[in-house]
Structure formats: C-alpha cells, structure tokens
C-alpha cells in the first residue's frame, strides 16, 4: 500500500524511536563486553573457575561457588514452584467454583506484583528466624529456595492457566462422556494438550529465578562457599554483584561484570529456548 | 483393581489440589497480613511528610517519596515516547517495518528477560561512568527506562491490536492518511490499553531495587536537582532491613507504603482493562 507524504515522515520518526528501543539490548551487551574484555584478555576465562578462591582484591577470581549457589537456589525454587503453580492453575480451571477461581486468580496476580525487596524483607524477618530455630544459623540455601519459590509461583501459575484456557472445550466434554473423572481428564487430556505452555511457564520462571537479586541477597547469608546441606548459607552471582559493586575497582569491578555476563548468557539462552518451544499462533 | 484405584485417586487428587490452593492463599495472607499488622500503625501524615533521622530509624520518608517520584518521572518521560513509537511502528506499520521490525521484536523479547542487576551494571557503566552522571536520579531513571521498555511496548501493542480492523479499513476508504487515522481514531480508541501499558511500566519501575543500587544511589536527603543522588522506596526498605540496627519498624512502614502504591496501580490497570473491554463491546 502506498503512503502519503505525512505517513512517510511519521514512519521515519517511528523507525528512529524503534531503532533506539532495539539498540538498548546491543548497548547492554556492548558495555558488558567492553568492561569484561580487558580482564578476559589478561587472565582468560578459565581462571574464573580454576582459581583457589574468590579474593578479587588479591587476584583470585573463582566464581564457581557462586555459580553453584545460583544453580542450587534456582533448581530448588523451580522444583518447588512448578508443582504448586501447576496445581494452582488446575484448581482455578477445573476444581474451584467460578467465583472462587476469580478471587484466587486475583490473589496470584497480587503475589506477582509484590516487589522482590518486600519478599526479601519478609523472608528476613519472618522466615529466617523460623529456620534459625529449626537449624541455626537461619540465613541459608533453604530460605532462598522457599522465598524464591513463592516469588516465581505466579509466573508458572499464570502461564499454565492461560494455556489451559486455550484448550478446546470438546476435549473436556469428550473425556467426561467417556466417564473419566476430573483428575483423570486433567492428567490424561488437559496437561498433555497444554504441555508447551507448561514448559514455557517453567522456563520463564527459571529465568526469573536465575536473575533475582534482592530476595536471595537478603535471606541467603551470602557466604562464599559450596553448601553441604540446605541449612548452609550461600552466595549467588547476583548477590555477589550487589554486595561488592559499591567498592569494587579495576579488575575486581571487571570480574563482577564477568559474572553479569555469565548471567546474561544463561538467561538469554533460556528465553530463546522458550520462544522456540512456544507454539506459533 | 483399576476401578478401585480410580476411586481412591480422584478424591485424593482433589484434596491435594484444594490443599495447594489453601497453602498458597495462606502464604499470601501471612505476608500481606504481617505487613499491614506491623506497618499499619506507623504510616500516618507525619511519616509521609518528614525527613528521616538517624539513618531512617526515626522521622519519615518525605525525601524518599520525592526521589522515587523524580526517578519515575525521568523513567516514564524517556520510556513513553520510545515505547509508543516502537509499538505503533511494530503494530500499525508492520509491512513497512519488515526485517528491521523482526529484529527489534526479538531484541525486546530478550531484553524482557535480562536480570535487573545486569541493567544496574549497564546503567552504572554507561550513565554513571561513561556519561559522567554519577550516582544520580537521572542515571537511575534512565536505567529504569531501558528496563520497562519491553513490558510497555508489549502492552501498548496489545491495546493497538484490540482496535477493530474496520476502523482502519473505513478510514482508508475515506482517503484519510494513516497518520490522520492514527491520531483521530486508533490512538483515542486504544487509549485505555495505552494507559494500562504506562501503568504496568510504572509498577515495574517502582518495584525495582537491584537496578538502582549503583545508579541512583543511597543518599536520603531531599534532592535539589536531577543530578543529585536519590534513594527510592525500595532501596530504603533494603537499607533499613539489612544495614541499620533497629530499622525494622520503619522498613515495615515503608514496605506498606510501597505495597499500597502498587495495589492502587494494579487496581487502575484492571479497572481500565475492564472499561476497555466494555467500550469495545458497545462498538461491535
């Protein structure tokens, strides 16, 4: 379709604005590389995993304990939030009366809107003392897993809920006509039909857990170590950046940007993967 | 045998599903109830209008409210034109956008997943260091603007897509330019959707902490310009809870103020979305 002159001017302006929006990602990647290249050229990738410890001011840059911490917290939170989130969505779709389902959905949306710093604060003043009474010290891998699980549960639930809504009604009626019960239908018909949506939800939740900073920073204890049990304190990559960035200089600062780059790569891979899995509408 | 198992499974799973919903509801009630219970008594007019004293243990949060407002203003002033422009191009001129549009869309999808702490690193490197803005409200606001772009663009796009295609066709049949169609028909019709996008952006920005720690900084005095460091509500909660002995009561109060604001914003979003649906029903 041909365009008026005024339209062409508008499209030109819009293209400039879009180019700026699109360039933000390039700028982020560019600046991460710019800040990390000097240290990567000087000491290489490998030292970040082979150095004896993390003492960045004495040239020791081992980030392995933090990578392990991040992975453990994420894995724990995702394996807790996935069944809870999926069961919550099933509750809304197939078990709860309509009015209750609406209220429950609102509650989950409210949960999704709570800032991470508030979760962290609540975890610090309520959850950590409870865990401390069970098994000292209190700030621990377990506290991080629990808080993070509550935080990412809404993501799993809302994505699952909307993909269950998209299942055609006759799947349900057909299954009922065969005399299957509610749970048998959910397990045998609805969940398989919504599988790609479930996987997308879990991946988005994983990406969110990997990148979460404040909540884990406030409840995990932040000791640089590979934890031996769930009651041990851990430090995640994100917490490491938040704690040390304020006073980091030169190589130390660059090392923190390296951990940012590692996070960015991990999350980007997850996002791209979930886009591939998502059915094209 | 299988019949018997079936008889057991159905009520068992129903119980599990109901229990899950109960536990999740309990956690939420516990969390919100705790905030209201512990913070409610302290939030009053004096708390909102006086300056913090003794690192926030006494006094109020007036300068923090002002800083938060200024950071949000900078953020939305930059993100709104960028977001609207991009969303209009991607939705209304998609045939003109071509491969460029696809690249922008992919870049925004990835941007939506970037952890907020990485935005913080980026904002520190670009705005605070490279552009020399230091720890300032301007650095913080610009960093947040980058962060809210994806959610803003996505919801404005949804608002535009919801405008019936007939509007565009009849307007083209009357010989109106697309610019005129956009200004007189599409944008007014999509206005509630656009407002939803803006509110969601503000909600995301006001909840953010990690991206602000090393861009807008910690200073809790009343800012005198956009180049001053300013502490947001979220950073105030973090600082009171972790660095200040006896900061807990005021951390509760500040968290309650933050939550209250967010609930107002979310209420606005669902009210607008509801109104949007109704007005569309009337048109059709």
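Chains as they are written, first to last, in the working numbering: chain A, 1 to 281; chain B, 1001 to 1284. No residue lacks a Cβ here, since even glycine has one placed at the ideal position from N, Cα and C.
By the three-class DSSP mapping on this structure, what secondary structure does residue i have?
{"i": "residue 251 of chain A", "result": "helix"}
{"i": "residue 1223 of chain B", "result": "coil"}
{"i": "residue 94 of chain A", "result": "helix"}
{"i": "residue 1052 of chain B", "result": "strand"}
{"i": "residue 1157 of chain B", "result": "helix"}
{"i": "residue 1271 of chain B", "result": "helix"}
{"i": "residue 109 of chain A", "result": "helix"}
{"i": "residue 60 of chain A", "result": "strand"}
{"i": "residue 1066 of chain B", "result": "helix"}
{"i": "residue 234 of chain A", "result": "strand"}
{"i": "residue 1208 of chain B", "result": "coil"}
{"i": "residue 212 of chain A", "result": "coil"}
{"i": "residue 1059 of chain B", "result": "strand"}
{"i": "residue 1231 of chain B", "result": "coil"}
{"i": "residue 182 of chain A", "result": "helix"}
{"i": "residue 239 of chain A", "result": "helix"}
{"i": "residue 281 of chain A", "result": "In this prediction, residue 281 of chain A has a pLDDT of 44, which is less than 50 and means its spatial position is unreliable; nothing more can be read from the coordinates."}
Counting contacts by CB-CB distance shorter than 8 Å, is residue i in contact with chain B?
{"i": "residue 257 of chain A", "result": "yes"}
{"i": "residue 73 of chain A", "result": "no"}
{"i": "residue 31 of chain A", "result": "yes"}
{"i": "residue 179 of chain A", "result": "no"}
{"i": "residue 265 of chain A", "result": "no"}
{"i": "residue 343 of chain A", "result": "Past the edges of chain A, shown from 1 to 281, lies residue 343 of chain A, and the structure says nothing about it."}
{"i": "residue 12 of chain A", "result": "no"}
{"i": "residue 162 of chain A", "result": "no"}
{"i": "residue 116 of chain A", "result": "yes"}
{"i": "residue 88 of chain A", "result": "yes"}
{"i": "residue 245 of chain A", "result": "yes"}
{"i": "residue 218 of chain A", "result": "yes"}
{"i": "residue 275 of chain A", "result": "yes"}
{"i": "residue 260 of chain A", "result": "yes"}
Would you tell me roughly how many angstroms separate the C-alpha atoms of residue i and residue j, rounded to the nearest one?
{"i": "residue 97 of chain A", "j": "residue 91 of chain A", "result": "9 Å"}
{"i": "residue 60 of chain A", "j": "residue 54 of chain A", "result": "5 Å"}
{"i": "residue 1065 of chain B", "j": "residue 1052 of chain B", "result": "11 Å"}
{"i": "residue 1199 of chain B", "j": "residue 1159 of chain B", "result": "13 Å"}
{"i": "residue 221 of chain A", "j": "residue 1183 of chain B", "result": "54 Å"}
{"i": "residue 1161 of chain B", "j": "residue 1276 of chain B", "result": "13 Å"}
{"i": "residue 213 of chain A", "j": "residue 154 of chain A", "result": "18 Å"}
{"i": "residue 248 of chain A", "j": "residue 1134 of chain B", "result": "15 Å"}
{"i": "residue 255 of chain A", "j": "residue 47 of chain A", "result": "11 Å"}
{"i": "residue 1239 of chain B", "j": "residue 171 of chain A", "result": "53 Å"}
{"i": "residue 1196 of chain B", "j": "residue 1210 of chain B", "result": "24 Å"}
{"i": "residue 126 of chain A", "j": "residue 1233 of chain B", "result": "21 Å"}
{"i": "residue 1037 of chain B", "j": "residue 1043 of chain B", "result": "11 Å"}
{"i": "residue 1001 of chain B", "j": "residue 187 of chain A", "result": "Only weak support exists for where residue 1001 of chain B lies, its pLDDT of 41 falling under 50; the value from the coordinates is given anyway. About 19 Å."}
{"i": "residue 144 of chain A", "j": "residue 205 of chain A", "result": "15 Å"}
{"i": "residue 199 of chain A", "j": "residue 277 of chain A", "result": "8 Å"}
{"i": "residue 175 of chain A", "j": "residue 135 of chain A", "result": "48 Å"}
{"i": "residue 70 of chain A", "j": "residue 10 of chain A", "result": "46 Å"}
{"i": "residue 1123 of chain B", "j": "residue 117 of chain A", "result": "20 Å"}
{"i": "residue 1263 of chain B", "j": "residue 1243 of chain B", "result": "27 Å"}
{"i": "residue 1219 of chain B", "j": "residue 169 of chain A", "result": "57 Å"}
{"i": "residue 1269 of chain B", "j": "residue 1192 of chain B", "result": "9 Å"}
{"i": "residue 233 of chain A", "j": "residue 258 of chain A", "result": "23 Å"}
{"i": "residue 281 of chain A", "j": "residue 95 of chain A", "result": "Here residue 281 of chain A scores only 44 on pLDDT, less than 50, and its place in the model should not be relied on; the value that follows carries that caveat. About 28 Å."}
{"i": "residue 207 of chain A", "j": "residue 1116 of chain B", "result": "12 Å"}
{"i": "residue 253 of chain A", "j": "residue 238 of chain A", "result": "14 Å"}
{"i": "residue 265 of chain A", "j": "residue 1150 of chain B", "result": "18 Å"}
{"i": "residue 173 of chain A", "j": "residue 166 of chain A", "result": "15 Å"}
Can you check whether the C-beta of residue i is within less than 8 Å of a C-beta belonging to chain A?
{"i": "residue 1010 of chain B", "result": "yes"}
{"i": "residue 1096 of chain B", "result": "yes"}
{"i": "residue 1148 of chain B", "result": "no"}
{"i": "residue 1109 of chain B", "result": "yes"}
{"i": "residue 1036 of chain B", "result": "no"}
{"i": "residue 1259 of chain B", "result": "yes"}
{"i": "residue 1191 of chain B", "result": "no"}
{"i": "residue 1024 of chain B", "result": "yes"}
{"i": "residue 1179 of chain B", "result": "yes"}
{"i": "residue 1158 of chain B", "result": "no"}
{"i": "residue 1047 of chain B", "result": "no"}
Residue i bridges to which residues according to DSSP?
{"i": "residue 119 of chain A", "result": "Per DSSP, none; premise fails for residue 119 of chain A."}
{"i": "residue 46 of chain A", "result": "Beta-bridge pairing links residue 46 of chain A to no other residue."}
{"i": "residue 1037 of chain B", "result": "Answer is none; residue 1037 of chain B lacks a bridge partner."}
{"i": "residue 201 of chain A", "result": "Answer is none; residue 201 of chain A lacks a bridge partner."}
{"i": "residue 55 of chain A", "result": "A:60"}
{"i": "residue 221 of chain A", "result": "A:234"}
List the residues of chain D that residue i touches, going by C-beta distances under 8 Å, in chain order.
{"i": "residue 1209 of chain B", "result": "Protein chains A and B are contained in the structure displayed, whereas chain D is not."}
### Message
Please give the ranges of any beta strand (DSSP E) in the stretch 133 to 171 of chain A, keeping only runs that are unbroken, at least 3 residues long and fully inside the region.
### Response
none
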